[in-house]
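There are 4 protein chains.
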Amino acid sequence: MVIRIGAAGLCRTDLHIQEGQWAEKSQVQLPYTPGHENAGWVHEVGSGVSNVEVGDTVIVHPFITCGLCRACRSGDDMHCENGSFPGINRDGGFADFLLTSARSVVKLDPSLQPADIAALADAGLTAIHAVKKAIPVLGAGTKAVVIGAGGLGHIGIQCLKAYTPTEIIVIDPSEPALELARELGADHTVKVDGSHVDTVKELTDDLGAQAIIDFVGEKGAVEDGVAMIKDGGFYYVIGYGQNIDIPTIDVIFREISFIGNLVGTYADLQDLMTLTAQGKVTLHTTTYPLDAINDAMNDLDNGRLQGRGILVPG
Amino acid sequence: MVIRIGAAGLCRTDLHIQEGQWAEKSQVQLPYTPGHENAGWVHEVGSGVSNVEVGDTVIVHPFITCGLCRACRSGDDMHCENGSFPGINRDGGFADFLLTSARSVVKLDPSLQPADIAALADAGLTAIHAVKKAIPVLGAGTKAVVIGAGGLGHIGIQCLKAYTPTEIIVIDPSEPALELARELGADHTVKVDGSHVDTVKELTDDLGAQAIIDFVGEKGAVEDGVAMIKDGGFYYVIGYGQNIDIPTIDVIFREISFIGNLVGTYADLQDLMTLTAQGKVTLHTTTYPLDAINDAMNDLDNGRLQGRGILVPG
Amino acid sequence: MVIRIGAAGLCRTDLHIQEGQWAEKSQVQLPYTPGHENAGWVHEVGSGVSNVEVGDTVIVHPFITCGLCRACRSGDDMHCENGSFPGINRDGGFADFLLTSARSVVKLDPSLQPADIAALADAGLTAIHAVKKAIPVLGAGTKAVVIGAGGLGHIGIQCLKAYTPTEIIVIDPSEPALELARELGADHTVKVDGSHVDTVKELTDDLGAQAIIDFVGEKGAVEDGVAMIKDGGFYYVIGYGQNIDIPTIDVIFREISFIGNLVGTYADLQDLMTLTAQGKVTLHTTTYPLDAINDAMNDLDNGRLQGRGILVPG
Amino acid sequence: MVIRIGAAGLCRTDLHIQEGQWAEKSQVQLPYTPGHENAGWVHEVGSGVSNVEVGDTVIVHPFITCGLCRACRSGDDMHCENGSFPGINRDGGFADFLLTSARSVVKLDPSLQPADIAALADAGLTAIHAVKKAIPVLGAGTKAVVIGAGGLGHIGIQCLKAYTPTEIIVIDPSEPALELARELGADHTVKVDGSHVDTVKELTDDLGAQAIIDFVGEKGAVEDGVAMIKDGGFYYVIGYGQNIDIPTIDVIFREISFIGNLVGTYADLQDLMTLTAQGKVTLHTTTYPLDAINDAMNDLDNGRLQGRGILVPG
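Set out below in structure tokens:
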């Protein structure tokens, strides 16, 4: 199936690809086109396609899956044994057209604009996937620390509010990001300024939080995060860059756990579109024309990008 | 409540205490008496005790808990806010008598001998606790790698067989330990000899196992374990010594998780006593008189101890 | 421990006791004092009590538990093997004083007034307990039908909103009750007027709802409820009076389940007090002096009681 | 995809179809061919089929699913919004050939004979599905009552043993069925003779069992089953015929739950084939030629059929 791209989100992973962090993992052949967060309109379909028609507005699940392996048959799309990942290991959506499959598209109301929702295809999807894993941990009276209120984090905060009664503490070095977090319902915001771990400890009666939801994973986030977990608590790893480096004695003595998160399932994407339609999740984005992609990447790298960056073909 | 010690198990943690790994965490005052794996007979009770009488044979849950805090009210004994840990941060059971509380004792059939079951109080309890966490992961067609078939591991293997239909792969450097693992029902045993990770990869179709149950946590176990997890899989941290040191990009790209485990609950101990009474768990031990404790510790440190070491007061 | 009663809630169960529905089950000796939903101040304590002091404001968990049996050790208070139930099988709180135990009291901020929160001790506790069971069923895009927006139902609605993103449909014969439901956040309200099942079917695309949360359980509620469940869905039984009477072929063909709910745990009560302190749950009550109890019971029986009825000793 | 039938299992549902219990639900057009438990060899495939080839030995999942709806995308095959059910609402496998889809077949080792495993396609699948739901309830020290050791029950017993450490009590009116149950590992067998409920109560310390797994659902099974549940326990409804008819006051006072079960998922069928390959599940069958189907149905109706009846085309 060919999608005419309406908008493609820019992700910290695109920076990490440029840095070479993904070269060995993706084994992608250069040159290729990144862009793994896509929405647009169906442009061309194969003969067997029954779920959408040419012209339909769609958001694109980032993974192309086979539908037949054990993972697919269990609803665990990201672990499809035969999957491929446009924008990571084959051509993606920083382009006019994208090749994907019928299994990867979610049909949307025609009134929706791709630029308004493209960022849900990966940033939002990853955030909701991690939050759904945390639901059993986050009952009444618990606290969750969200590290990073950027492209993923600002959606994560809204998912936490939709799914749980936990008290939300957001940490971020950027004052405007914290301002956005407060608007979206964070109970406490703490500026990352060196004293932030102590401030969070105070907010948690020196015990720490049941869940750390780390959308950053670099620049000291992991050490900070580990210091803020409550004994018996859980650390959700979403952002990446740095190592987790912790003595096993601390893992057992505090009985803490680290939970990996890789994007999300097709059902997660449907759920997120539902929350968006219900007004429980709203996206904050900054739009660039596709040919200004280098400006966008610079802004992202330097913390000047509010919400998620969106690229729109000319 | 005072227990007359019938037998006390010797644990790798007792070596780690001697090495100083616990000094900062436990804040124990020296000199003190270790021994956190105890069974014996009730020697003296306070006026309010209703669940046991003087002379009853009991196994002692290793943590003394308050019964009133949120953790206690939720059945999560090890996270009692007011707990203390005989043998770790106060005097333990390498002695003739042990001070504990009525909440910590499980009454046993008088025919049971403390030396035969003492090792269930911590080694067994820790093993069953970790295995119970792994049940949802270990359905039919899955594989679990058990690292270490010693004091904890040989009980873990039996718990895996009792609770799950998973295929069990055991790795250990000791041939007699692997022999014991086979007797207890391991489906595959692999000697730790440098090629063991490759062998396990072959046994798992190059995909790795859904669960790594690591009873060692040192001497390279963690690197090996990480290399053997299937994407989407879980690593249960039980043994300790070494660091977990892993790039967050691997945690997310493979969506793997690390689960901490701290001893077990009172209900876990009851469950283990039930499995033992049903013959589903049997202990393999080597007994020493209490005053030969230094020999026992040497044997443990040098891998000469089969099953669990048990100290019996003279 | 003796509590000076500040307020006691009136429950549909008190009507059912009068009708004789509980005589055989409770085996209570007549005469006795009902009242199982109590709050007040600690009046007298035994020597071993450490969690509260005379004068403390408390809400009383309705079950007196032993703390030592398997259920208690697992946090499953209501199935204590040695429990007793003031107001059901021994003297309760429609009185000046109540005898209970230290394990049953939750200490409150002294600024709280018993009359404002007493109804959380049973009505609220039962509602939150059922809602917590339903969390895994009620993801984004699901629908829940709440049957009855009275004493329990109006708290259930607020708990559903706090814990889940489900779309809430409330049915009730009383227009003021539906008005209250809308204020508390119900997404749809449907008057019970004979066409209500059809209306709910329309609201659920003719498929029914993933969860029916039935706070009524009589006067046709069960037939209505069964007709409104989605295939694969769950029926939470809370109110009672009528029979569930359903062919097993329907249970299997539709794969529907019926989940019993009995009051709630001590931890549930703590959770509810937290949600109340956070303003996520507010109680709607009508207060009567204790000696007007017969008027209160008449009002309840005739659907004239808004929210929960509260009796206050003179 | 066309399957050449190697064997088709006979099910109590085939009797219920003849009795007319399914007429309204299935809306099937008469005449039609029943047979919903099929195995054989791939006879013809469409152009897009990649998972099997002509000649492959396969077992057939009984439901034909679309692969695109929410249920399919979540691994919940039986609730496919576009599914059809050969043998129930369209032509099934009591025939030489069966029309199904590529999504419904599980490829088997060519050495397997369809007659040996066909009964896993529905009887076995339904049994494993129900047992997998019961895993969280059936820890060490629990008891499960299996009602009926026939075609489904004898597989259910083996699944319980593979997945849980529960103590298994089997009740059945037939002595040979109980004999089979004992061979397969039942811990206790009780003949249905009028005193069986009392006997089970004694075996459960007068408390009842945590789980009732009812493969019968008629002839008094439901009343018996309800009388044997422990407070807080679960009743798994699999067999059908009779009504569940129980006062809601009993459901709440005892906090018991009834769980519906409809066949099983594709992943459940894979799991069952794995357990069979590992020797953890073995089928007990009685084979008839396809044209002796009326004899087979008579034997089933009169309790003369040991294990599962299998029809083999001539």
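Protein chains in written order, with our numbering: chain B, -3 to 310; chain R, -3 to 310; chain W, -3 to 310; chain A, -3 to 310. The beta-carbon is built from N, C-alpha and C at its ideal position, and this holds for glycine as well.
| Item | Value |
| --- | --- |
| Hey, is B:GLN266's beta-carbon within less than 8 Å of any beta-carbon in chain A? | yes |
| If we cut at 8 Å on Cβ distances, does W:VAL218 have a partner in chain A? | yes |
| State the CB to CB distance for the pair W:ALA19 and W:ALA130, rounded to an integer number of angstroms; the pair is presumed to be in contact (CB under 8 Å). | Actually they are not in contact, since the Cβ atoms of W:ALA19 and W:ALA130 sit about 32 Å apart, beyond 8 Å. |
| Name the chain B residues that come within less than 7 Å of A:GLY63, Cβ to Cβ? | GLY63 |
| With C-beta atoms as the reference, is R:ALA115 less than 8 Å away from R:GLU15? | no |
| Between which two residues does the alpha helix (DSSP H) containing A:ARG178 stretch? | 171 to 179 |
| Hey, could you find the ends of the beta strand (DSSP E) A:GLN206 is sitting in? | 205 to 210 |
| May I ask you to verify whether the stretch 214 to 230 of chain W touches the stretch 207 to 220 of chain A, counting CB pairs closer than 8 Å and requiring at least 3? | no |
| Going along the chain, which residues of the stretch 246 to 278 of chain A sit with their C-beta nearer than 8 Å to a C-beta in chain R? | GLN266, ASP267, LEU268, THR270, LEU271, GLN274 and LYS276 |
| On the criterion of 16 or more Cβ atoms from any shown chain inside 10 Å, does W:ASP168 qualify as buried, or is it exposed? | buried |
| On the three-state DSSP scale, how would you describe A:THR61? | coil |
| Name the chain R residues that come within less than 8 Å of A:ALA158, Cβ to Cβ? | ALA136 and PRO161 |
| What residues in the stretch 110 to 138 of chain B have a beta carbon less than 7 Å from any beta carbon of chain A? | none |
| Which residues of chain A have a Cβ atom closer than 7 Å to the Cβ of B:ARG0, listed in chain order? | Per Cβ cutoff of 7 Å: no residues; B:ARG0 is ~22 Å from chain A at best. |
| With DSSP run on the structure shown, which of helix, strand or coil describes B:PRO309? | coil |
| Closest to R:THR185 by C-alpha separation, out of R:TYR159, R:VAL141, R:GLY152 and R:ILE151, would be which residue? | R:VAL141 |
| Of all the residues that make up the stretch 214 to 245 of chain B, which are near chain R by a beta-carbon distance shorter than 8 Å? | GLU214, VAL218, ASP227, GLY228, VAL233, ILE234, GLY235, TYR236, GLY237, GLN238, ASN239, ILE240, ASP241, ILE242, PRO243, THR244 and ILE245 |
| If you drop the 5 nearest sequence neighbours on each side, which residues of the same chain put their C-beta closer than 8 Å to that of R:VAL54? | ILE(-1), ALA35, GLY36, TRP37, VAL38, VAL48, VAL101, VAL102, LYS103 and LEU104 |
| Counting only beta-carbon atoms, is W:ASP107 nearer than 8 Å to chain R? | At residue 107 of chain W the sequence reads Ser, which differs from the Asp that was named. Chain R contact via Cβ: absent. |
| What does the alpha-carbon distance come out to for the pair W:ILE153 and W:ASP118? | 16 Å |
| Examine chain B for any beta-carbon lying closer than 8 Å to the beta-carbon of A:SER70, and answer yes or no. | yes |
| Excluding sequence positions up to five away, which residues of its chain have a Cβ less than 6 Å from the Cβ of W:ALA292? | LEU6, TYR284 and GLY305 |
| For R:SER253, is the classification buried or exposed, using 16 other Cβ atoms within 10 angstroms of its Cβ as the cut-off for buried? | buried |
| With 8 Å as the threshold, decide whether the Cβ of B:ARG66 is near any Cβ in chain A. | yes |
| Cβ closer than 9 Å: which chain W residues qualify as neighbours of R:GLY79? | Under the 9 Å cutoff, chain W gives no residues; its nearest Cβ is about 14 Å from R:GLY79. |
| Would W:GLY256 be called buried (16 or more neighbouring beta carbons within 10 Å of its own) or exposed? | buried |
| Taking 8 Å as the threshold (C-beta atoms), are W:PHE93 and W:CYS76 in contact? | no |
| Name, in chain order, the residues that DSSP records as bridge partners for R:ILE165. | R:VAL141 and R:HIS184 |
| Just confirm the distance between the C-beta atoms of W:MET74 and A:GLU171, as a whole number of angstroms; I'd bet it's less than 8 Å. | Actually they do not touch by this definition, with Cβ atoms about 41 Å apart. |
| Given a cut-off of 8 Å, decide if B:LEU265 and B:LEU11 are closer than it, judged by their beta-carbon atoms. | no |
| Would you list the residues sitting across from W:ASP241 in a DSSP beta bridge? | A:ASP241 |
| Can you tell me whether DSSP reads A:ALA136 as helix, strand or coil? | coil |
| Considering Cα atoms alone, identify which of W:PHE249, W:LYS21 and W:VAL127 is closest to W:LYS157. | W:VAL127 |
| Per DSSP, which one or two residues make a beta bridge with B:LEU6? | B:GLY305 |
| Quick one: grab the DSSP three-state call for A:LEU11. | helix |
| On a CA-only basis, which of A:PRO30, A:ILE124 and A:CYS65 is nearest A:ALA263? Give me that one, please. | A:ILE124 |
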